[in-house]
Every structure is written in C-alpha cells, then in structure tokens.
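Shown next, in structure tokens, is the structure this report addresses.
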Amino acid sequence: MDAVLDNRDVFVDGFMTTITLTLLAAMGALVLGTLIAAMRVSPAPPLRWVATGYVEVVRNTPLTVVFFLSVFGLPKVGVGTTFFRFSLIALTVYTASFVAEAVRSGVNSVASGQAEASRSIGMTFVKTLRLVVLPQAFRNIIPPLASVFIALLKNTSIASAFAVTEATQTMQGLINTNGQAVIWILSATALGYVALALTAGLLFSRLERTLTVSR
Amino acid sequence: MVGVAVIALLVYLAARQLSAKGQFDADLYRPFLEEPQIYERLAEGLRNTLKAAAFGLALALPLGVVLAFGRLSRRWFIRIPSVGIIEFFRATPLLLLILFFFLSFPIVFSTRLEPLTALVLGLTLYNGAVIAEIIRAGIQSLPTGQSEAALAVGLTRGQAQRLVLLPQAVRIMLPSLVSQLVVLLKDTSLGFIVGFEELLRIGGQLVEVLRNPVQTYVLVALVYIVINISLGRLASWIESRQRRTYGAAVPVQTVESGMGQAGGGP
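Which chain is which? The protein sequence lines are A and B, in order.
For any residue, its number in this note's numbering is found by taking its place in the first sequence, counting from 1, and adding 115.
For any residue, its number in this note's numbering is found by taking its place in the second sequence, counting from 1, and adding 1.
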C-alpha cells in the first residue's frame, strides 16, 4: 500500500503518458479511418480496392506485429524517430482500420435518398460526403466508436514493451524496485485503467445523448 | 480521380523509398528460398500460438457461461460479483493481466510461472468476460416463451438455463463467438512479452539472424492474416446460413452489434 501512495507522482506521470498516447492516436485514427471509409464508398474502384485491402489486412494483423513493423521496420526504410512516435504510428494505423469499419457502417445507415438528393442538386462526391452524409453518419456511430477508443486505451499498454514509459511500463519499473508490494502496485494500475475506461464510457454516452437525433 | 492520382503517388513514393533503402535487394529474400529451417521454426511458433489459443478458448468458454448465468442470476450476491468481475476484466488491458500472473507469482509463491500459463490465464479471464457478455446477449435475445415453457413443463430454473436457453443462445451467437476467436488468436502474440515462443517471438529470433525485419515480420503478419480472414469468412458464412434458416426470427441487430464483428474487435 505504501509503495503505491509513496509513488503517486510516478503513477500519475505514467497515466498522463497513457492518456496522451490515447488522445493523439485517437485523433490520428479518426482522421485516417474517416479517409479510408470515404475511399471505401467512393465511386472510383481503385480507391475502394486500396481501402478494402487496408481494412482487411490491418484488422487481421495482431497489434503487436504492427508495433514490430513500426519500431523495427520503419528505421530500415529511413524513418528514424522516438519510441513514443513509433508507438503512436502503430496505434494510429491499427485503430484506423476499426474506425473505418465503424464510419462505413454509419455511412450505410444514412438513407440513400440523402446522398442521391445532394448529388442531384449538383454536389460532388466529396461535398456530398462531407456536408451531408458524414455529419449524419457520425451521430449514429458514437457507441461503436466508443468501444474502439476504449480498446485503444487498453492497447496503449503494448507500448510498454517498446520503452515508452506509460502506465504499464511504470508499473513494471515500480515492481522491480518494490517487489514485496507487487499485488498493490498491479491492482492500483489496473484500477487506473478501469477508472479511465469508465470515464471515457461516461463521456461517450453523454456525447451520444447530445448528438443522437430521435426519429 | 484526384484521389486515385494521390494514392498512386503515395504507392510510388513508398516503393521508391523501399528500393532506395535496399529493401528489394535479393539478399533479404534469399534465406526464405534457401533455408528450410526458417519454415520449421515458424511452424513451431505457429503450433505454440495455436496451443495458447486453444487452451485459452477451452477455459474461457466455461468461464463465460458461468459468468453469463451469474449476471442473469436472481440472487444479488451472485449477480453483483459477476457484473463486477465481467466489467473489471473487460476494462483492464490484457497485457496487464498477463503481467499480473507472470510478475506476482514468483514473489508470492517463490516459484516461476511458465510463460504459457501466464498467457493462458490472462487470455482466459479477458475472453471469459467478453464471452459472458456475448452469451448473455444471446440468452436475452431469446423469446421469453422459451424459459416460460421450460418452467411450465416442470424444469427447474437451472435445468431450463442449461437445457433450453444455453444451447439456443450459443447457436445464435456462434458468429460472434467465432469472431472473438480472431481476437483471441491475435492476442496470443502478447506472449512474446513474457518470453513465450509463439509465432511473433520466433519471428523476432529469426530477425536477429537474418537482419531483415521488414520481410520477416510481413511474412509473420501474413500467417496471422490468412488464418484470421478464414475465421472471419467462417463467421460470416455461419451468420448467412442462420439468417436463411431462422429467417427474421434471428435478432440480426444483436448478432451484428458492435462494428465489424466478422474481423474481430480491436
């Protein structure tokens, strides 16, 4: 117990890195995932092929393998950066494939008359998507997006294996120095994640209540 | 069409960068043709991966059933702990669970825990909690007439659950359960962190010798992708077959709840 209380600051630092990693990767994945979803519903077949390939390949690859390719593969092709950024790239690339699937199901949930109407008044495909379809789609997919981002929060723990001092790595460091308090340290870390996941869940359900249009 | 041009440009730039850094050099690929041991090692890794997944599934299924019925129990002292257990293990990173067993066991019991055991315990708890929710959704999607009829013919609540509700729930949720198998299989790769020699760790050992991380990890990824896409196809096939058999009676919304079930969750 003391080992936990005495190291409050270390825990907080670790979880701050976890939160930063989660938020940055979530933003990146939201942008990349939406782009890929847009490509998947685009009228140009090559774009659809690329997007479908991306989603199928990345979704079926373990995140750890994506991490390995990012951390050990990217330097081989001349990309050198910090472990934090390599982890960010891996998490973004992986999560984007799940965001893309969620956004695509949201696009499919918008009545096709909406897109047809906007095309018929002369809007381009991009305008139709940006101004008419996506704003309605996002309102419908808050719950699946929430579970994707909560999974992302948990997935950031894998960055601990690649020298990123987020919560899980912090925990391992503390266990190395305070072996006898191992149960307390592990429980405190687990509770930290549970608290973050619950908070995120509450925020998303509030967002859902605000955004959902009852029909 | 601008989009197509942009994608083409990106592909060209990526290929140019790969070739500028010599990633297309034959030396990086030659071992895959000339060294059959590579495939023996990878097959060994794959066997261990499948072993961990099989143990995890075999233990997570019964745990999931118990937790699902616990959560549906009429007695609060069974229901509340079940909800707590399910929510806790669903919200905790799997890696943390694996490390929990791997790191605390030697200190508490002063003997080392096999990496496979730590991995399987973590997989069991996490997937047990997820499977419990899948089965609960299946049971709740059944018409209430099912349990009413079972009770009316004199079955006890336990018998009704075991003999009437569970078999139907598992059938309805089979696509989701197969999809969860994809998640389980992907998660076995976390075993590399505790030193379990599964597919990914063997890949890492090969890279130390071959010095071609891009090529080897892409090969490893391909193995996972082929297996997981097959499992995903199986899940969609079962789902389409069920829709044909049951017609509109199947709660499609429940089966497809969440996004992209066919490929497994994140």
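Every residue, glycine too, gets a C-beta built ideally from N, C-alpha and C.
Just so it is clear, the structure is predicted and the values come from calculations on it, not from any experiment.
If contacts are defined as beta-carbon pairs under 8 Å, then B:Phe-51 and B:Val-224 qualify, I think. What distance do you get, rounded to the angstrom? In the sequence as displayed, the identity of residue 51 of chain B is Leu instead of Phe. In this structure, B:Leu-51 and B:Val-224 do not form a Cβ contact; the two beta carbons are roughly 11 Å apart against a cut-off of 8 Å.
Mind listing the chain A neighbours of B:Met-2? Cutoff is C-beta to C-beta under 7 Å, in chain order. Neighbours of B:Met-2 in chain A, taken as residues whose beta carbon is under 7 Å from its own, are Ala-159 in chain order.
Which residues in the same chain have their Cβ closer than 6 Å to the Cβ of A:Pro-259, if we skip the five residues on either side of it in sequence? Cβ-Cβ distances below 6 Å link A:Pro-259 to Ala-217 in the same chain, with the five nearest sequence neighbours on each side left out; the list follows chain order.
Name the chain B residues whose beta carbon is nearer than 8 Å to that of A:Met-116? When 8 Å is used as the limit between beta carbons, A:Met-116 is near no residue of chain B, the shortest such separation being about 15 Å.
Under 6 Å Cβ to Cβ from A:Gly-143, same chain only, skipping five residues before and after it: list those, please. Setting aside the 5 residues that flank it on each side, A:Gly-143 is surrounded in the same chain by Thr-207, each with a C-beta closer than 6 Å to its C-beta; the list follows chain order.
Please decide whether B:Ser-190 counts as near chain A, where near means a Cβ-Cβ distance under 8 Å. For B:Ser-190, the answer is yes, since a Cβ of chain A falls inside 8 Å of its Cβ.
Can you round the beta-carbon distance between B:Tyr-127 and B:Leu-100 to whole angstroms, since I take them to be within the 8 Å contact cut? That pair is no contact at about 13 Å.
Nearest-angstrom Cα separation, counted from B:Asn-49 out to B:Lys-187: Answer to the nearest angstrom: the Cα atoms are 13 Å apart.
Cβ-based contacts, 7 Å cut-off: residues of the region 18-29 of chain B near chain A: For the region 18-29 of chain B, which is checked against every Cβ of chain A, the residues closer than 7 Å are Gln-18, Leu-19, Lys-22, Gln-24.
Can you tell me where the alpha helix (DSSP H) with B:Asn-213 in it begins and where it stops? In the DSSP annotation of this structure, B:Asn-213 is not part of any alpha helix (DSSP H), being labelled neither H nor E.
Determine, using beta-carbon pairs with one atom in the region 27-40 of chain B and one in the region 213-230 of chain B, whether at least three such pairs fall under 8 Å. Verdict: yes, contact present.
Would you mind sorting A:Leu-318 into buried or exposed? The rule is 16 or more other CB atoms within 10 Å of its CB. It counts as exposed.
Contact set for A:Phe-264: own chain, Cβ-Cβ below 6 Å, skip 5 residues either direction: Excluding positions up to five away in sequence, the list reads Ala-141.
Hey, out of A:Ala-261, A:Ala-266, A:Gln-229, A:Thr-239, whose CA is closest to A:Gln-251's CA? If we check each option's Cα against that of A:Gln-251, A:Gln-229 comes out closest.
Beta-carbon gap between B:Ala-53 and B:Leu-114 smaller than 8 Å: For the pair B:Ala-53 and B:Leu-114, the CB atoms are not nearer than the 8 Å cut-off.
Under three-state DSSP, which class holds A:Met-154? Of the three classes helix, strand and coil, the one that applies to A:Met-154 here is helix, per DSSP.
Note down, in chain order, every chain A residue with its Cβ under 7 Å from the Cβ of B:Tyr-225. At a C-beta separation below 7 Å, B:Tyr-225 has these neighbours in chain A: Asn-175, Thr-176, Pro-177, Val-180.
CB-CB under 8 Å to B:Pro-32, same chain, minus the five flanking residues each way: which ones, in chain order? Close CB contacts of B:Pro-32 within its chain, under the 8 Å cut and outside five residues either way in sequence, are with Ile-39, Leu-211, Asn-213 (chain order).
The alpha helix (DSSP H) spanning B:Ile-132 covers which residue range? B:Ile-132: member of the alpha helix (DSSP H) spanning 116-142, first to last residue.
Whose C-beta lies closer than 6 Å to the C-beta of B:Thr-118 among residues of the same chain, with five residues either side of it excluded? Excluding sequence neighbours, B:Thr-118 sits near nothing in its chain.
Members of the region 183-201 of chain A that neighbour chain B once the beta carbon cut-off is set at 8 Å: Flagged, chain order: Phe-183, Leu-184, Phe-187, Gly-188, Lys-191, Val-192, Gly-193.
Does the beta carbon of A:Gln-284 come closer than 8 Å to any beta carbon on chain B? Taking 8 Å as the CB threshold, A:Gln-284 stays off the interface with chain B.
Is A:Ile-134 close to chain B? Criterion is C-beta to C-beta, closer than 8 Å. No, no contact with chain B.
If contacts are defined as beta-carbon pairs under 8 Å, then B:Phe-103 and B:Pro-82 qualify, I think. What distance do you get, rounded to the angstrom? Separation of the CB atoms of B:Phe-103 and B:Pro-82 is rounded to 25 Å, and the pair is thereby denied contact status at 8 Å.
With a 10 Å radius around its C-beta and 16 neighbouring C-beta atoms as the bar for buried, classify A:Leu-184 as buried or exposed. Within 10 angstroms of the beta-carbon of A:Leu-184 lie 16 or more other beta-carbons, which makes it buried.
Run down chain A in chain order and give the residues with a C-beta less than 9 Å from the C-beta of B:Lys-187. The contact set of B:Lys-187 on chain A, defined by CB atoms closer than 9 Å, consists of Asn-175, Thr-176, Pro-177, Leu-178, Thr-179, Val-180 in chain order.
Could you check whether the Cβ of B:Leu-10 sits closer than 8 Å to any Cβ belonging to chain A? Chain A contact via Cβ: absent.
For A:Ile-134 and A:Ser-224, the rounded distance between their alpha carbons: Rounded to whole angstroms, A:Ser-224 to A:Ile-134 spans 31 Å at the Cα level.
Segment contact, 8 Å Cβ cut-off, at least three pairs: the region 168-180 of chain A with the region 231-249 of chain A: With fewer than three CB-CB distances shorter than 8 Å, the region 168-180 of chain A does not count as touching the region 231-249 of chain A.
Mind the definition here: the region 178-193 of chain B touches the region 223-241 of chain B only if three or more C-beta pairs lie below 8 Å; say whether that holds. As far as the Cβ criterion goes, the region 178-193 of chain B touches the region 223-241 of chain B, which means the pair count is three or higher.
Is B:Thr-145 helix, strand or coil when you go by DSSP? In the structure shown, B:Thr-145 falls within a helical segment according to DSSP collapsed to helix, strand and coil.
My output table needs one value for A:Glu-216: the three-state DSSP class, helix, strand or coil. Per DSSP, reduced to three states, the secondary structure at A:Glu-216 is helical.
For A:Asn-255, the first and last residue of its enclosing alpha helix (DSSP H): For A:Asn-255, the uninterrupted alpha helix (DSSP H) segment begins and ends at 249-255.
Is B:Phe-89 closer than 8 Å to A:Val-309 when the C-beta atoms are compared? Between A:Val-309 and B:Phe-89, the C-beta gap is smaller than 8 Å, which places the two residues in contact.
Determine whether the Cβ of B:Ser-241 lies closer than 8 Å to any Cβ atom of chain A. Not one chain A Cβ lies under 8 Å of B:Ser-241.
Return the chain-ordered list of same chain residues with a C-beta closer than 7 Å to the C-beta of B:Leu-73, the five sequence neighbours on each side being excluded. So the qualifying residues of the chain are Arg-137, Ile-140.
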